[in-house]
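Participant: Counting from 1, one number per residue, gives the positions in the sequence shown under UniProt numbering.
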Amino acid sequence: MKRKKINIALTICVLVLGVSLTFYFRRQFVRQGQALANTQMQLKLTKKQLDIQRAKVNKNDIDDRVVNELTTPEQAYLKQELLDNNFSGTILIVRHNHVIYQGGRGYANSEQFTTPKTTYQIGSVQKSLTAALVMKAVENGQLKLTDHLSRFYPQIPKANQITLQMMLDMRSGLFETSAPKVVQTDAQRLQFAIKHLQVKKIGQHAYSPVNYVLLAGILEQATHKSYNDLMKQQIITPLGVQAFNFMPNFSDPQHATAYAYQKNGAYGAEIEDPAYIYTRELGTGNLYATASSLYQVEEAIVQGKVFKSKYLQQLRHTNNGQYSGGVYNYRDYFTSHGIEAGFESHVQMSQNGESGIILLSNQYKSTPSLVTMSKQIYQQLLV
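1) Under the DSSP definition of a beta bridge, which residues are partnered with THR71?
2) From the DSSP output, in three-state form, read off ARG280 for me.
3) At 4 residues or longer, and completely inside the segment 189-277: list those alpha helix (DSSP H) runs for me, N to C.
4) Have a look at THR130, ALA266 and SER172 and flag the residue whose alpha-carbon is nearest the alpha-carbon of residue 402.
5) Take SER226 and list the residues in its own chain whose beta-carbon comes closer than 7 angstroms to its own, dropping the five residues that flank it on each side.
6) State the DSSP-derived secondary structure class of VAL57, mapped to helix, strand or coil.
7) Check whether the Cβ atoms of residue 397 and SER336 sit closer than 9 angstroms, and answer yes or no.
8) Confirm, please, whether the CB-CB distance from THR130 to THR290 is below 9 angstroms.
9) Which same chain residues end up closer than 6 angstroms to GLU272 when comparing Cβ atoms and leaving out the 5 residues on each side of it in sequence?
10) Can you tell me whether GLY326 is helix, strand or coil according to DSSP?
11) For ASP61, does the count of other Cβ atoms within 10 angstroms reach 16, so buried, or fall short, so exposed?
12) According to DSSP, is MET170 part of a helix, a strand, or is it coil?
13) By the three-class DSSP mapping on this structure, what secondary structure does GLN165 have?
14) For the beta strand (DSSP E) holding ILE358, just list the boundary residues, first then last.
15) Kindly identify the DSSP beta-bridge partner or partners of GLY89.
16) Can you tell me where the alpha helix (DSSP H) holding GLU139 begins and where it ends?
17) From GLN322, TYR276 and ALA275, pick the residue whose C-alpha is nearest to that of ALA206; which is it?
18) Would you kindly work out how many angstroms separate the C-alpha atoms of ARG189 and ASN68, rounded to a whole number?
19) Which one or two residues does DSSP pair with THR118 in a beta bridge?
20) Using the Cβ count rule (16 or more neighbours within 10 Å means buried), how would you classify LYS136?
21) Provide the residue span of the beta strand (DSSP E) that contains TYR288, from first to last.
22) What's the gap between the Cα of LEU214 and the Cα of THR72?
23) Would you kindly check if the distance between the Cβ of GLU340 and the Cβ of LEU359 is under 9 angstroms?
24) Tell me the rounded alpha-carbon separation between VAL66 and VAL347.
25) Sort out for me which residues DSSP pairs GLU344 with in a bridge.
26) Name the residue from TYR278, ARG95, LYS310 and LEU370 whose alpha carbon lies nearest to the alpha carbon of GLN121.
27) So, helix, strand or coil for SER366, using DSSP?
28) Can you tell me whether ARG316 is buried or exposed? The criterion is at least 16 other CB atoms within 10 Å of its CB, across all chains shown.
29) Checking 9 angstroms against the spacing of the C-beta atoms, do GLU354 and HIS96 come in under that value?
30) Would you tell me roughly how many angstroms separate the C-alpha atoms of ARG151 and ASN160, rounded to the nearest one?
31) How about PHE307 and ALA132: are their beta carbons less than 9 angstroms apart?
32) I'd like the span of the alpha helix (DSSP H) that includes GLN351, first residue to last.
33) Can you give the Cα-Cα distance for LEU197 and LEU83, rounded to whole angstroms?
34) Is the separation between the beta-carbon of ILE93 and that of GLY104 shorter than 9 angstroms?
35) Please report the straight-line C-alpha distance between PRO116 and SER110, rounded to a whole angstrom.
36) Taking 6 angstroms as the limit between beta carbons, can you name the residues of its chain near PRO209, skipping five residues before and five after?
So this is what it looks like as C-alpha cells:
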C-alpha cells in the first residue's frame, strides 16, 4: 500500500515536471522565435537603410564629390576626348545606377575652377521639363494632347488645326518673327509671341522654340498657376533637387560665367547675359542646374516619378531620332541639347534612366559640338 502511494506520488511529480518543462520549453521556443523575427526585421531594416543611404550617397549628394571609378584605359580615353574637344565645364557619367565619373575641366570664372558643384544655364534642355509638366496636366485631367491651340489662343491663325501634340513635337508650323529685347512678365511675353507669329507648314517638323513658350502659357491657363510655380511644385520640390532653379535670379555662388571660345580652347571675352534673355525664354530655356541635379530630374521623368510611366510613350512616341516631347528619341536612349548666352548643355540617357552622360559647358562652340562628343563617350563607356 505504501509502495503504491509512492508510485502515485512519483507519477504525479513526473506529470507536473513534464507539464512544467513543456511550458518552459514552449515559452523559450516562442521567445527564440520572437527574437529571431526581431533580428530578421532589424536586418531587413538595416539593409533598407543601407540601400537608401547608398542611393543617397550615389545620387542625391553627388554635388559635393569628385568621382573617378573609371579603369585606366577608360581614364586615358576620356582625358584625351576632353582635351581634343577643348572642353570647359562639368561632366557626369552614370553606368547602371552608379556614378563612375564626375568632375570639372577648365575655369568656371576668373576665380574658380569648374567642379561638380558648378551651376550652368541649361538652355533648351528645359523643353523636356516643360513637356513633362504638360503630361502631368494630362494625367491630372487638365489637358489632352488632342486639344487644339484654339482652345487657349483662338486669335492665332489656323489654331484650330494645331494640337498640343504637334507643338510638343515641333510640327505646328508656328514661327516667331521677332524676339523681345526688354524684360517681360509671362503675360507680356505671351502677347508678344502671339503678335509676332507666322504659321507655315502645319504637320512638318521644324524646330521652333515658340511652341514651348505657348505651351508654358497653356499650362498657366489650364492649372491657374504660374509656370515657375508649377516647375517648383511638381518637379523641383517633390524630387528634392538642389542647385536647380530659374534665371535670371542666378545668385548661386558656384555659378559659371560664359566665355567666348577661341582657338585651342583659350577663353575669350566674358559673354553678357542681360535679364531679358531669360524672360524671353519662358518654358524653353531659363533654368540653371548642376550636372547631377539635371541628371536626377531627367531620370525622374523616365522612371515615373513626375507622372505615371504609361504616359511617357504618348509623350515620346518616336524611336528613330525624331523630336518628340522635348527630346530626340531613339530606341535605347534619348538626347537633349541646349545653347544659351554662351552656355551649352547636352544630355544623353538610356530609356530607363539607369545610364547616361551630362555635359555642361560655359564655352559654346559650334565645332566640335557637345552632341558629337557625348555620343562618342556614350558609345565607348556605356554601351
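Glycine included, every Cβ here is placed at the ideal spot set by N, Cα and C.
Facilitator: In brief:
1) For THR71, which the question treats as bridged, DSSP gives no partner whatsoever.
2) helix
3) 210-223 and 227-231
4) Only positions 1 to 383 of the chain appear in this structure, which leaves residue 402 out of reach.
5) ASP186 and GLU220
6) Low confidence applies to VAL57: its pLDDT is 41, below 50, so where it sits in the model is not reliable enough to give any reading.
7) Look at the range of the chain in this structure, 1 to 383, and you will see that residue 397 is not part of it.
8) no
9) none
10) coil
11) Residue confidence is low: ASP61 scores 41 on pLDDT, short of 50, so the model does not pin down where it sits. No coordinate-derived value is stated.
12) coil
13) helix
14) 356-361
15) ARG105 and SER361
16) 127-139
17) GLN322
18) 44 angstroms
19) Paired residues: none, contrary to the question.
20) buried
21) 287-289
22) 49 angstroms
23) no
24) 19 angstroms
25) ILE339 and SER361
26) TYR278
27) coil
28) buried
29) yes
30) 8 angstroms
31) yes
32) First-last for GLN351: undefined, no H or E at that position.
33) 43 angstroms
34) no
35) 17 angstroms
36) THR284
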